[in-house]
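Those protein sequences? They're chains L and E, same order as listed.
Residues in the first sequence are numbered consecutively from 3, following the numbering used here.
Residues in the second sequence are numbered consecutively from 3, following the numbering used here.
Note that CB positions come from ideal geometry on N, CA and C, so glycine has one too.
Computed from a prediction, not measured in an experiment: that's the story for all the values here.
Only one structure is covered here, and it is reproduced in the block below.
2 protein chains.
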Amino acid sequence: MAMAQVRDVAALAGVSPATVSNALNHPHRVSARTLAKVQAAIEELGYVRNDAARQLRAGSNPAVGMIVLDAANPYFTDVAHGAEQHLAELGRPLLLGNSAQREEQELTYLRLFDEQRVAGVLIAPVGDVLPKLRTLKDHGTSVVIIDRKAGADEFSSVSVNDEQGGWLVADHLIDQGARRIAVIGGPGSLRQVRHRLHGTQQRADRTDGATVEFLDTGAMDTASGRETVQRLLERPRDEWPEAIFATNDLVALGALQVLARAGVEVPGEIMLAGYDDIEFAASATIPITSVRQPSEEMGRQAAELLRQAIEDPAAAVQHTVFQPELMVRESTSAH
Amino acid sequence: MAMAQVRDVAALAGVSPATVSNALNHPHRVSARTLAKVQAAIEELGYVRNDAARQLRAGSNPAVGMIVLDAANPYFTDVAHGAEQHLAELGRPLLLGNSAQREEQELTYLRLFDEQRVAGVLIAPVGDVLPKLRTLKDHGTSVVIIDRKAGADEFSSVSVNDEQGGWLVADHLIDQGARRIAVIGGPGSLRQVRHRLHGTQQRADRTDGATVEFLDTGAMDTASGRETVQRLLERPRDEWPEAIFATNDLVALGALQVLARAGVEVPGEIMLAGYDDIEFAASATIPITSVRQPSEEMGRQAAELLRQAIEDPAAAVQHTVFQPELMVRESTSAH
DNA sequence: TCGACCGAGTGAATCGTTCCAACTAGTGAG
DNA sequence: CTCACTAGTTGGAACGATTCACTCGGTCGA
């Protein structure tokens, strides 16, 4: 309760508050003797500086806020981890927020970060947040967009070529003999989902008889994958697709659970592919073919672009686009 | 850059700054007419209040900080999710920090939260943080410990009976015919690891010939699990354990990968059990027997205890202990 | 009619830190 | 001996929102 302040430290050390501040923030301006005295006083009183006062005076907060689509998705924890590492090197704490694919949550966190006057924001957007991001920029907060090249001329971004990812999967599935492909994922409003679907469609269009059907799961988690595939299996047997492409691995794992429970052979009766190549895809009941994205590297690069934007807000925006890689496993290729 | 302040809003609305503040924080003190004028002015200027100034004046930060052992572990993301939900209902933002089982990181976050004067801290501790937690408490920050009943008379806590969890696993393994049991996990300094091991040992002591061996993996992730089991398999075949009990599911999944690659039959040659019952344990190549903990519920309860501690710092500390439940799957029981 | 009372609004002080300009004492060049 | 200069230190003014004690009309009960 009785929190020590600079003036208490100053009194104990026999110097002025200004000197204590200098000792803390510009040690070279202070003689070795006083520095030692001040440090001893800080130690004795257990002084911890008040960040609010510090920020108020400084006018800005060194921290960076990050908003991910789904904190339970290993892909995003990897991205966050990459970002956190790089930011830690820059001495910037990372505040992590989870939008859980809900626009309302997303806006809540954006407002929070705005009120906190954070130096920058990393965001994988759900809804249409461009207006809010512009506001942030007006307020002097730099923004880097992850996983989506939106507002391309306004904000730097880090993304993966999702169309190509979709193409790679479709190419492989068709090569393995599949013609009727069901793409499952959602909500359909998510850029990632649309792009992966689009890439799939484009590849299918080049092969006679190849068709693509999209089933919106509503969300990108295991439960949604289960429900959707459950409904799919209720169709007459001859209307089943030959392959299911889940737009992320959580959905794919949910799909696999249902297929296994229903006794459907994978890949014999239905092939299954996922996206993100999270660690658990490879160690699933039947290892799942998936599209690898360099998640940690993406986080690190996002943090790096943010660093540049913070240092020079007027600099040109940059877009880093990573290339996806197909990891073929049992779920699509009988051995 | 040109950030609007209360006084700008006040000027535009034709009232005093004090009134704007009242309109924002105590709307009932202000007439409907002025409230409307103020809101219009806020809208027009895009005013966002400065949290630092607000906190400085208020003397405290409504937010709550949380430090988890491993943000990549679904168990912890579930706990965090439960806590976040409950805190959101209380109007408190959650700042999430990841100690990644490193004491240094842990202390960094604790210092950050202390400087921010957060209202409370939820922590799953790695190192010996009791002194630092006492400091926080002195500074008026309430603390609730997760997953460990330490400093039992000083801080409220939420935990699971880890000894019993260990016992349950050992009981089942012995029942299935195993005698030589290897417990893998680490670092050994982690309370959870020690307790689970202890429970295992206690159960083994009651059966003739049952032995328990502990192998420290150094960390609780998949890679560490792989390495440790790799080394284990290098022993002469007749020195292999009959069962491996991994102290969390990530380690178990790593173990399973190595066993599969080496062509070791599970559970035929070696049985395998994990802990936490994360979703991926059930959908692994060979579904893994695991100990379920009510993760989301634990997070929610931790947040609730914290709420109580914040409201009445002098109140008696409380400990909620949940009971673990064994989920038997293929990895320990041939069908 | 008078005073008590009430709702609405305000001026000024305040939170704890940092920064700027100013000051002091000591040093060394001319 | 004087003056310019430096290293070290300091008083006091910010930063932006909130709050407290207070004012000002107006209403109501006696």
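Going by C-alpha positions, Val171 (chain L) is about 26 Å away from Ala102 (chain L). In the structure shown, Thr287 (chain L) adopts coil according to DSSP, grouped into three states. For the options E:Asn163, E:Thr137 and E:Arg309, the alpha carbon positioned closest to that of Val66 (chain E) is the one of E:Arg309.
Annotation: Thr36 (chain E) has no Cβ neighbours in chain L at a cutoff of 7 Å; minimum Cβ distance is about 23 Å. Excluding residues up to 5 positions away in sequence, Gly84 and Phe324 lie with their Cβ nearer than 8 Å to the Cβ of Glu299 (chain L) in the same chain. Using a CB distance below 7 Å, the part of the segment 117 to 137 of chain L facing chain E consists of Glu117, Gln118, Arg119 and Thr137, ordered along the chain.
In the DSSP assignment, Val66 (chain E) falls within the beta strand (DSSP E) that extends over Asn63 to Val70. At a Cβ-Cβ threshold of 8 Å, Val8 (chain E) and Ser158 (chain E) do not count as neighbours. Chain L places no beta carbon closer than 8 Å to that of Ser335 (chain E), leaving this residue out of the contacts.
Note: His30 (chain E) is not bridge-paired with any residue in the DSSP secondary-structure output. Beta-bridge partners of Arg294 (chain L) (DSSP): L:Asp278 and L:Glu327. Given a length threshold of 3 residues, each whole run of the beta strand (DSSP E) inside the segment 252 to 277 of chain L is given here in chain order: 273 to 275.
Across the structure, Ser18 (chain E) and Asp10 (chain E) are spaced so that their CA atoms are roughly 10 Å apart. Measuring C-alpha to C-alpha distances from Ser226 (chain L) to each of L:Asp130, L:Asp80, L:Asn250 and L:Lys134 identifies L:Asn250 as the nearest.
Here the C-alpha atom of Ser33 (chain L) lies approximately 23 Å from the C-alpha atom of Ala6 (chain L).
When 8 Å is used as the limit between beta carbons, Gln57 (chain E) is near these residues of chain L: Ala54, in chain order. When secondary structure is reduced to three states using DSSP, His141 (chain E) falls in the coil class, being assigned neither helix nor strand.
A direct Cα-Cα distance of roughly 13 Å separates Gly142 (chain E) from Glu156 (chain E).
A distance of 8 Å or more separates the beta carbons of Gly122 (chain E) and Ala316 (chain E). About 5 Å separates the beta carbons of Leu114 (chain L) and Pro95 (chain E), which is inside the 8 Å limit, making them a contact pair.
Across the set L:Val293, L:Pro127 and L:Lys39, the C-alpha of L:Pro127 shows the shortest separation from the C-alpha of Met68 (chain L). Among the residues facing chain E, Phe282 (chain L) is included, as its CB has a counterpart in that chain under 8 Å away. Looking from the CA of Ser62 (chain E), the closest CA among L:Ala60, L:Arg59 and L:Asp53 belongs to L:Asp53. When Cβ-Cβ separations below 8 Å define contact, Gln166 (chain L) makes no contact with chain E. DSSP, reduced to helix, strand and coil, places Phe157 (chain L) outside both helices and strands of the structure shown, so it counts as coil. DSSP, read as helix, strand or coil, puts Glu46 (chain L) in helix.
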